[in-house]
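Asks:
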Amino acid sequence: RRWLTCPWVRRYETGGCSTDEFAAGMIDAWELDQSPGEFLEAFRAWPRGLFPGAAELVESLRPHAQLALLSNTNALHWDGQRDADRVQALFETAFLSHELGLVKPDREIFEHVVAALDRPAERVLFLDDNQPNVDGARAVGLRAARVKGVAQARAALVAEGVLA
532 RRWLTCPWVR RYETGGCSTD EFAAGMIDAW ELDQSPGEFL EAFRAWPRGL FPGAAELVES
592 LRPHAQLALL SNTNALHWDG QRDADRVQAL FETAFLSHEL GLVKPDREIF EHVVAALDRP
652 AERVLFLDDN QPNVDGARAV GLRAARVKGV AQARAALVAE GVLA
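Numbering (the working numbering), first residue to last: 532 to 695.
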């Protein structure tokens, strides 16, 4: 919750500040005992790649659903993650907070996605590992479930009738 509500995180992940400004702001706000360079080195390493079986699960959905990704992210993570090319190729559409200037769990990002997909909100299934994001999606009328890992995602897709 602290991460999701941190002004510097929200600013960076909506494209509202540079990477250097973000690092300096985080060090100050969180009272971190490290240099901006050290902070960014650790921050760059956060995305560790896809969970085993994640790509296969997403690929199995292709015949059954329009595949879109909604992510609170930043250019550093989106383009620099270990499996960037593979992640980016999995989805027909990517809604990225740093490009949209909007961030989960705010209502506006979910409304933007629904409008862009040109579907009724109740026809959009949103899976996320953070409850505030799931609550934000539900507030706009999306079907949503909190999942952690591939097995829970698969179970939610079965429960929602997307997969048999």
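Even glycine gets a Cβ: it sits at the ideal position worked out from N, Cα and C.
All values derive from a computational prediction rather than experimental measurement.
Which residues does DSSP list as the beta-bridge partners of Arg-674?
Replies: According to DSSP, which records beta bridges pairwise, Arg-674 is partnered with Leu-656.
Asks: I'd like the span of the beta strand (DSSP E) that includes Thr-624, first residue to last.
Replies: 624 to 627 is the span of the beta strand (DSSP E), which, as asked, contains Thr-624.
Asks: Span of the alpha helix (DSSP H) holding Leu-688?
Replies: Start and end: 680 to 690.
Asks: So, is Gly-645 buried or exposed, given that buried needs 16 or more other C-beta atoms within 10 angstroms?
Replies: In the sequence under discussion, the amino acid at residue 645 is Val, which differs from the Gly named in the question. By the 10 Å Cβ count, Val-645 comes out buried.
Asks: Buried or exposed: Trp-577, going by 16 or more other Cβ atoms within 10 Å of its Cβ?
Replies: Exposed, since its Cβ has fewer than 16 Cβ neighbours within 10 Å.
Asks: Could you please give the first and the last residue of the uninterrupted alpha helix (DSSP H) stretch that includes Ala-560?
Replies: Per DSSP, Ala-560 belongs to the alpha helix (DSSP H) from 550 to 560.
Asks: To the nearest angstrom, how far is the alpha carbon of Glu-572 from that of Ala-676?
Replies: Between Glu-572 and Ala-676, the C-alpha separation is close to 33 Å.
Asks: Would you identify the three-state DSSP class for Ala-585, choosing helix, strand or coil?
Replies: Here Ala-585 sits in helix by DSSP.
Asks: For Phe-579, collect the residues of the same chain with a Cβ closer than 8 Å to its Cβ; drop the 5 residues on either side in sequence, then sort them by chain order.
Replies: Reading off the sequence, residue 579 comes out as Arg, not Phe. Taken in chain order, the residues that qualify are Arg-613.
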